[in-house]
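In my numbering, the protein residues as written are 2 to 193.
In what follows, a structure is listed as structure tokens, so that the remarks can point back to it.
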Amino acid sequence: MRLTPMRFKEFTWPHNPETYTVEHRRRVAVHQVPFGGCVMQELGGSYRVLKGEGVFTGEGAYQRFRELEEVFRDQGPGLLVHPVWQTERAYFTALEAAEEPLPDFVRYRFEFWEDCGGYDGGLTALAAESGNGGGGASAPAPQAARVHTVGKGDTLWGIARRYGVELAALIRANPQIKNPNLIYPGGTVRVP
């Protein structure tokens with residue numbers, strides 16, 4: 002079976018890395034409760050980490066590693082085409098030369114984190130609200146708010162995604178929630 006070459010952004014590996022490791026990770030917060038014990042809460046979905054190791058050999062091996070370094074320095078996610086696993090949007094999070102490079106041989110390690118796409122718009126700064134009420138445009142009339150009853154495993158991120166609202170807007174609409182990473186089943190969340 003012939004495997005497709007691994008690619009990320011504009012870089013195509015001349016030959017596929019020797020080893021791959023795919024880790025599945027889940028984000029969980031652990032909160033201590035009074036008088037012992039703890040409460041665990043899932044903080045959104047899981048994601049995958051793709052790690053691997055390979056070599057560049059022959060004339061220009063070190064130059065190929067430098068080209069890979071330039072791709073690493075280019076910030077932001079890109080399309081990762083893996084020879085076996087599905088194509089995904091990912092962040093290039095680690096690159097290292099695993100031994101002293103020789104002119105015709107470089108052993109390297111790499112790591113990519115899958116981008117689940119939950120924050121496609123990126124994080125944005127919020128303007129400070131003026132408390133004096135003077136000047137400026139008037140606020141639009143409030144709409145009828147929806148109320149979500151928190152279920153087991155719910156997170157604010159998941160609720161925002163379910164209702165199609167920005168996480169920042171959901172947090173602003175619920176000032177009673179002191180820690181946005183900690184909500185409890187049976188509680189209510191106002192959805193703007």
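Ideal Cβ placement from N, Cα and C applies to all residues, glycine included.
Small disclaimer: the values here were computed from a predicted structure and weren't measured.
Of the candidates E19, Q76 and R163, E19 places its Cα closest to the Cα of H83. Contact between I184 and D155 is confirmed by a C-beta separation of about 6 Å, below the 8 Å threshold. Looking from the CA of E112, the closest CA among V23, R3, L4 and H16 belongs to V23. Contact between the stretch 23-32 and the stretch 87-107 is not established, with fewer than three Cβ pairs separated by less than 8 Å. Out of G188, V29, N17 and L171, the CA that lies nearest to the CA of L81 is found in N17. Ranked by how close their Cα comes to the Cα of R110, the residues K52, G77, H149 and Q64 have K52 in first place. Beta bridge pairing from DSSP links T189 with T150. V29 sits close to Q42, with the two beta carbons spaced by under 8 Å. Pairing V190 with V151 gives a Cβ-Cβ distance under 8 Å. Short of 7 Å from the beta carbon of S47, and not among the five residues preceding or following it, lie these beta carbons of its own chain, in chain order: H25, R26 and R27.
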